[in-house]
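Written out below as structure tokens is the structure these notes cover.
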Amino acid sequence: MNLFRTSVLNGVAVLIKTITMFVLNKILAVYLGPTGYAAIGQFQNFIQMVTTFAGSAINTAVVKYTAEYHEDETKQRAVWKTAGSIVFLFSFVFAILILIFQKQLALYIFQSLKYQTIFIWFAIFLIFFNFNTLFLAILNGKKEILKLVLANIAGSLFALVITGVLAIKLQLYGALIALSIYQSIAFIVTLILCHRADWFEFSSLLGKIDLGITKKFASFILMALVSAICVPLSQMLIRAYLTQEFSLAYAGYWEAMIRLSTVYLLLVTTTLGVYYLPRLSELNAIDEIKKEVYLGYKFIFPLAVVGGICVFILRDWIINLLFSPSFAPMQDLFLWQMMGDALKIGSWILAYLMLSKAMTKLYICTEIIFTVSLIALTYICTQVFGFEGVSIAHLINYGLYWIVISLFIFKQLK
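Its first residue numbered 1, the sequence shown is counted upward by one per residue in my numbering.
So this is what it looks like as structure tokens:
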């Protein structure tokens, strides 16, 4: 599976996901408004942290070792069995903890008990949520790109239908329920696709945990956990700061900007995950690794730049079409956000090399340092430039991040 074919197949899933997210953004903008966006962002960050701690932290390792052991199905099955057992155990534990502390979680995340029952929904569906992402990781590592594309399309359609209907009927409460359950429902489709593959066996998903494989997982788990803490926590802190410094509506404008960045960069980011991670995991020769990195900067990076330019030019039309006129203040963020997004993709091409080769110390140190710097830069830039400073901080932070990891990684590739 080469980069071009992977990009084409992945592009189909991305196109459908982009359309569904555009429609969904419009529904949420109309029925929830900027303040609703802020609440959704907080809950999504919570979901990201919990699902990672509850088992999805091993998914990068599953992709890597499934791809690395492509000639040895016995080793692959040992990887899946260990991963499945870990996911089952931790999902169960975290589901119990969420049920016990649902009241405290509601007060911390929403500052209200109105949405307490949301956590019951999430706890019940957590195990299916995590097994869905595990199966997607296995498909990715096996390079079953067509099945992976179909599974992702199913997930996008479920997200649109479930979130759209519940948001329209129940407003914010419905949207939060949808976030808790839609990926778990998509699990059914992913399971069917895996079951139809000749290499799939249920007996390979649960069983004795292999300590040797668990040790190999350790560095990836550690990297994923650090990322799961740093990224959502920084967003939650920045969102809380924007609410305090400006208003909850402005936190919603920033959340809308983040969502827009996620949508237009989908083809780039998913190609990195679907093609780059398993491909780099297979390679050991320095020359071959350099060739793949070069391809990334030749084909993937320009896509991010062109996408950012198009979004910036069409910003007024995008705000009115995808959101609503009430989101007009987010216009101040576009220039800096698009430039920062381009730098982010440029740095991520190298960051995926850190993941695939388990450069644990470098990954963890840079993740923590640049999370702290983003929060600090956000405070400094908003004090100097006002609301648009939040995106200026994003630009500066990823510029520095790219420089730093380039120095370290190119030194190791010599």
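Every residue, glycine too, gets a C-beta built ideally from N, C-alpha and C.
It should be emphasised that the depicted structure is a prediction, and the values quoted were computed from it without experimental measurement.
Around the Cβ of threonine 66, a 10 Å sphere holds 16 or more other Cβ atoms; the residue is buried. Here DSSP, grouped into helix, strand and coil, assigns isoleucine 181 to helix.
Phenylalanine 202 counts as exposed, since fewer than 16 other C-beta atoms from the protein chains shown sit within 10 angstroms of its C-beta.
In terms of Cβ geometry, isoleucine 368 and cysteine 230 form a close pair [threshold 8 Å]. Aspartate 210 and glycine 55 have their C-alpha atoms some 16 Å from each other.
Within the same chain, Ala228, Ile229 and Pro232 come within 7 Å of methionine 49 by CB-CB distance, once the 5 residues on both sides are set aside. A distance below 8 Å between beta-carbons, with the five flanking residues on each side excluded, links serine 373 to the following residues of its chain, in chain order: Asn397 and Leu400.
According to the DSSP assignment, arginine 315 belongs to the alpha helix (DSSP H) that extends over 315-322. Take the alpha-carbon of alanine 342 and the one of threonine 262: they are about 12 Å apart.
In the DSSP assignment, aspartate 287 falls within the unbroken alpha helix (DSSP H) covering 286-295. The beta carbon of methionine 330 is closer than 6 Å to those of Tyr253, Ala256 and Met257 in its chain, skipping five residues each way along the sequence.
Of the residues Trp121, Thr51, Tyr37 and Phe135, the one whose Cα lies closest to the Cα of lysine 81 is Phe135. A straight line joining the alpha-carbon of lysine 103 with that of glycine 164 spans about 27 Å. Setting aside the 5 residues that flank it on each side, leucine 206 is surrounded in the same chain by Lys81, Gly84, Ser85 and Phe88, each with a C-beta closer than 8 Å to its C-beta; the list follows chain order. With a threshold of 16 other beta carbon atoms within 10 Å, asparagine 140 meets it and is buried. In the structure shown, phenylalanine 334 adopts helical secondary structure according to DSSP, grouped into three states. When the five nearest sequence neighbours on each side are left out, the beta carbons in the same chain lying within less than 7 Å of the beta carbon of serine 156 are those of Ile16, Lys17 and Thr20, in order along the chain.
At a Cβ-Cβ threshold of 8 Å, isoleucine 118 and leucine 176 count as neighbours. Residue environment: glutamine 383 is assigned as exposed (fewer than 16 neighbouring CB atoms within 10 Å of its CB, all protein chains considered).
The beta carbon of leucine 172 sits closer than 7 Å to those of Leu32, Gly36 and Ala39, all from its chain and outside the five residues before and after it, given in chain order. Contiguous alpha helix (DSSP H) elements confined to the stretch 187-225 do not occur, taking only those with 4 or more residues.
Look at glycine 389 here: in three-state DSSP terms it is helix. DSSP, read as helix, strand or coil, puts lysine 17 in helix. Excluding the 5 residues flanking it on each side, isoleucine 124 has same chain C-beta neighbours closer than 8 Å at Ala95, in chain order.
An exposed status is given to alanine 328, since fewer than 16 other beta-carbon atoms sit within 10 Å of its beta-carbon.
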